[in-house]
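Data first, discussion second: the structure below is written as structure tokens.
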Amino acid sequence: MAAKTKGKKTNGKDGRERKKLHVSESDSDETLARADDFSHLALGSPVELLAFDLVTLGGKGKGKGKAAKERPFGVVIRVMRSKARSYTSENGESNAKCDKSSKANTQTHKTLNKRKIESSSDVLPSQNGVATPSKKMRKGDRADKNYREQETKSAESAMAESSSLMLKATELFATPCHEALEHVLSQLCLGQETTEFKAARALYNYCSSNLADSIAIKLLKVYRFSSNGVVRFQSLFLLSELLSELRNRNFELPGDALDEIKPLLLSCLTMQETDESEIVIFRRIVAFVTYNVMILDDGRWDELSDCIFEFADIDPIKAFHVFVDLPPVYANFIYRFMHMILEKAEKVLLNPEQDRAGDWSLALETLVKLGIQLLDSELRIDVVKNVLAVLVKSASELVEKGMEQFLLRGLEGLERFLVRDKDLFNYNKEQCDFVSGFMFKIRELGEHTKDAAKKINRLVKSLHNPVTILQQPQGQPQEQPQEQRVVSDRERFNTLNSLSPLEILRIFESNDQEESFRDMAIRRLNLLLSEHTSKDVEIEISVIRELQPLLISCLSKEGISESMFKVLGEVVYHVAYEMMNLQVEVWYGLRDYLVSKSQTEFERAVYIFQCLTIWLEEDKFVVPVMESLLPEITARLNPPTEVLVDNSCWVLAFVGAFCAIIHMLEITSRAESVKEIADKIIDSVIKLVERGMEVGLVRRGFRDVESIVKKHDGWFANKEYEFVKGLVQRLYEIKGMTMESKMVLWRINLLVDRGVAEFAKQIP
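The structure is reproduced here in structure tokens:
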């Protein structure tokens, strides 16, 4: 393999510039989108009411100092102290400009001195015998002077703006009331081009960067006391994003702020108006505040423990949400409610409901987290055994009822939860053994369950146990018994690093390697190709051509787990991007695979088609594929009548239909097909919403489409954006749809608005 840093020219269709795309394995939070990824929403009423542009939060480092006990005066003191800091450290833009001006002045003096010494040719004799600068020198002086003046004016303007924002922030926090901030938030709902929106955004940016703890308290007060439902939801969303950013910055809430936040947060949680969609957001807020309490405060928050106990009695789902993301807590905190949580979660797990698959998954995650928390306390081992028994019993009964797919969806959710929770709180060996014990006890329930259990087991055991494999000693005949030896993941990783892409793919394709090694191999290959796509390294085109036929062989290979096939799809994307977009060569082998497997291996074929988030040649690729794949997609778009059977096929068909339309928009002969499939999408979603099957199907489809829009964004043009925007509008207007699903549509629309703006900038 030849790997070297080198730039590559990007080709496009009809002069359309296409950015390089990254297909990454997503495990991110499915509830919220990153604030700095979005622009203003323009869907029209009633969605327009929810339109607010979330800001990018700046600043680094931990919060220093504590405010006075009287909040208004403490805020003023912090504001005044932050005046100099806003110029030099927190306000990145002003600081950068001041530094740039200073460096420019220094460089200017060095340059002028150098000219005086070296450029004697630029000095002309005058009649009076005094050296006179040439025209070239005088132009340089004027340019340097103008540059210094411009930089000085720019720095002064930035300082004046920062000073103005500081005064506005002082006024905002001068009273304990929430109305002033509510007014700012309402202005964030206006159009981006309005003066009010720009002023409100600048002020919110300033406050979140310099007065994070104070703005957090104000946002909670807006949620608690405002009568405007849209503004209340907006304040909650902004607070969640703010605290996530603070955590990334290792910001610690000061003690006086925690004293004010804790009772206010509990008051918000217990409001009757707080519905489940808002509790989903609150769970991360509660986790962040609890972390600060356990680390920075006295380490106790008995009131939250009492709150969870009360929720467990009257609203178990709310209790699960509040508990499941908590950091490690003290033993007495859990003892208050552990038996109640166990009882309520067992009831949910042993009585799965058709339209509450999300509740079942949440109960599963809650019991696993309960066992992990109890093991961390090193007490109540008897309760841990009971937790494990309930988990195994619920999984076994699902399979006995023919509901293995229901169980698999729960295990997929558990895997996503563990990936995040394990990294945040660094599970110890006993905690990992607890999860592995659960997986060991359910591994024989079914083939698909076995694959899911093995995957979760590898996830939690990777940091504690080396991997045991069978390897044939070199120089020994094949008929002799193989020798068992232990090979760590580090050794395997080093081995893969020394191999070419083709050799790595052969390891994945081989039947003689353990699944864990094959999984590591395909992920390593995906990383290499991703770096090639992003131009960090270059792989020779001849090597990529060698990958093509072997990849097609792997696509039809049996025994590939769902997770590995998803990574394989990303590998196919990278190769397709190089060959069909950069080299402009039709990948006939991939086309023939999609055509031939549309019926016999529909789920695999349509998934690979979804991975092709690139421009595709219409006549030689899209049209032949659509002739075979589109009828299968249309047939499987018929809404299922039962949520407890395997409905992942509908989700694949839904997303496949969306991708098919995107690729056919430019094909005139397919205009009627585009309209028919779009109408089919709407009709199918309407029926599923009416049947109460939105959570397990429709919302999954929306989230997958959101991911597709992000990946397609590099080559979308106006026609594609107009279609997506219109489809989102039609979906949003479906009656009876929950707010959680509408929030996903809202995020898609924000992506579209941003894409339209970026595309407009590229047009000369």
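All residue numbers for the sequence shown refer to numbering that gives the first Met the number 0, where the first residue is 0 and numbers rise by one. Glycine included, every Cβ here is placed at the ideal spot set by N, Cα and C.
Give the single residue among Glu399, Glu514, Ala388 whose Cα lies nearest to the Cα of Glu557.
-> Ranking the options by Cα distance to Glu557, first place goes to Glu514.
Close Cβ partners of Lys400 (< 6 Å) along its chain, the five nearest in sequence each way excluded = Excluding positions up to five away in sequence, the list is empty.
What is the C-beta distance between Ala731 and Val755, in whole angstroms, given that I count them as a contact (C-beta under 8 Å)?
-> Position check: residue 731 holds Tyr in this sequence, whereas Ala was assumed. The pair is not a contact, with the Cβ atoms about 18 Å apart (cut-off 8 Å).
Going by Cα to Cα distance, which pick from Arg200, Ala168, Val221 is closest to Cys176?
-> Looking from the CA of Cys176, the closest CA among Arg200, Ala168, Val221 belongs to Val221.
Any contact of the region 207-221 with the region 257-270, i.e. 3+ C-beta pairs under 8 Å?
-> Output reads yes: the region 257-270 touches the region 207-221.
Every unbroken alpha helix (DSSP H) within the region 486-566, with a cutoff of 4 residues, ordered by chain = Runs of the alpha helix (DSSP H) lying entirely within the region 486-566 and spanning at least 4 residues, in chain order: 488-496, 500-508, 514-532, 540-554.
From the DSSP output, in three-state form, read off Ser173 for me.
-> In the sequence under discussion, the amino acid at residue 173 is Ala, which differs from the Ser named in the question. DSSP, reduced to helix, strand and coil, places Ala173 outside both helices and strands of the structure shown, so it counts as coil.
Three-way DSSP call (helix, strand, coil) for Gln186 in this model | When secondary structure is reduced to three states using DSSP, Gln186 falls in the helix class.
Hey, would you say Asp212 sits closer than 8 Å to Ala256, going by beta carbons?
-> Taking 8 Å as the cut-off, the beta carbon of Asp212 is found closer than this to the beta carbon of Ala256.
Over what stretch of residues does the alpha helix (DSSP H) that includes Asn385 continue unbroken?
-> First-last of the alpha helix (DSSP H) with Asn385: 380-399.
If we call anything under 8 Å between Cβ atoms a contact, is Ser225 one with Arg231?
-> Closer than 8 Å, so yes.
Given Ile685, which residues of its chain have a CB within under 6 Å of its CB, disregarding the five upstream and five downstream residues?
-> Here Ile685 has Ile733 as same chain residues with Cβ atoms under 6 Å from its own Cβ, once five neighbours each way along the sequence are excluded.
Counting along the chain, where does the alpha helix (DSSP H) carrying Ile260 start and finish?
-> Element bounds for Ile260: 254-268.
Near Asn385, which residues of its chain fall below 8 Å by C-beta distance, leaving aside the five closest residues on each side in sequence?
-> Within the same chain, Asn385 has close Cβ partners Leu341.
Contact under 8 Å by Cβ, Gly655 with Val708 = At the C-beta level, Gly655 and Val708 stay beyond 8 Å of one another.
Beta-carbon spacing of Val570, Asn525 below 8 Å | Yes; because the gap between Cβ atoms is below 8 Å, this pair is in contact.
Near His320, which residues of its chain fall below 8 Å by C-beta distance, leaving aside the five closest residues on each side in sequence?
-> Apart from sequence neighbours up to five positions away, the residues of its chain that approach His320 with a beta-carbon distance below 8 Å are Glu275, Ile278, Val279, Phe281, Arg282, Leu361, ordered along the chain.
Buried or exposed by the 16-neighbour rule on C-beta atoms within 10 Å, applied to Val583 = Burial call: exposed.
Which value, in whole angstroms, describes the spacing of the CA atoms of Glu502 and Thr448?
-> Cα atoms of Glu502 and Thr448: separation of roughly 31 Å, rounded to the nearest angstrom.
For Phe620, which option in Thr633, Trp649, Tyr587, Asn637 has the closest C-alpha, if you only look at C-alpha atoms?
-> Among Thr633, Trp649, Tyr587, Asn637, the Cα nearest to that of Phe620 belongs to Tyr587.
Boundaries (first-last residue) of the alpha helix (DSSP H) holding Gly436 | Residue range 428-441 is occupied by the alpha helix (DSSP H) that includes Gly436.
Cβ shell of Val545 (< 7 Å), same chain only, five flanking positions each side left out | As written in the sequence, residue 545 is Glu, which differs from the Val given in the question. Counting only Cβ-Cβ distances below 7 Å, and skipping sequence neighbours, we find Leu501.
Using 8 Å as the Cβ pair cut-off and three pairs as the minimum, do the region 327-335 and the region 667-676 touch?
-> Under the 8 Å Cβ criterion, the region 327-335 does not count as touching the region 667-676, having fewer than three qualifying pairs.
Would you report the Cα separation of Ala179 and Leu252, rounded to the nearest angstrom?
-> The straight-line gap from Cα to Cα measures roughly 23 Å.
Alpha carbon of Glu490 to alpha carbon of Cys553, nearest angstrom = Glu490 and Cys553 have their C-alpha atoms roughly 25 Å apart.
How would you write the range of the alpha helix (DSSP H) that Gly735 sits in, first residue to last?
-> Premise fails: Gly735 is in no alpha helix (DSSP H) and is neither H nor E.
Could you spell out where the alpha helix (DSSP H) holding Tyr764 opens and where it closes?
-> Any property of residue 764 remains undetermined from this structure, which presents the chain solely from 0 to 763.
Buried or exposed by the 16-neighbour rule on C-beta atoms within 10 Å, applied to Asp420 | By the 10 Å Cβ count, Asp420 comes out buried.
Could you have a look at Val612 and say whether DSSP puts it in helix, strand or coil?
-> Contrary to the premise, residue 612 reads as Thr rather than Val in this sequence. If DSSP states are grouped into helix, strand and coil, Thr612 belongs with coil.
Counted within 10 angstroms of its Cβ, other Cβ atoms place Thr269 as buried (16 or more) or exposed | Label assigned to Thr269: exposed.
For Gly785, which residues of its own chain have a beta-carbon under 7 Å away from its beta-carbon, when the five flanking residues on both sides are left out?
-> The question about residue 785 has no answer here: the residues shown for the chain are numbered 0 through 763.
My understanding is that Leu189 touches Ala215, with C-beta atoms under 8 Å, so please give their C-beta distance in whole angstroms.
-> Not really, about 24 Å apart at Cβ, beyond 8 Å.
For Glu602, which residues from the same chain have a beta carbon less than 8 Å from its beta carbon, with the 5 sequence-adjacent residues on both sides left out?
-> Cβ within range, chain order: Ser647, Cys648, Leu651.
What three-state label does DSSP hand Val571 in the structure shown?
-> Three-state DSSP puts Val571 in a helix.
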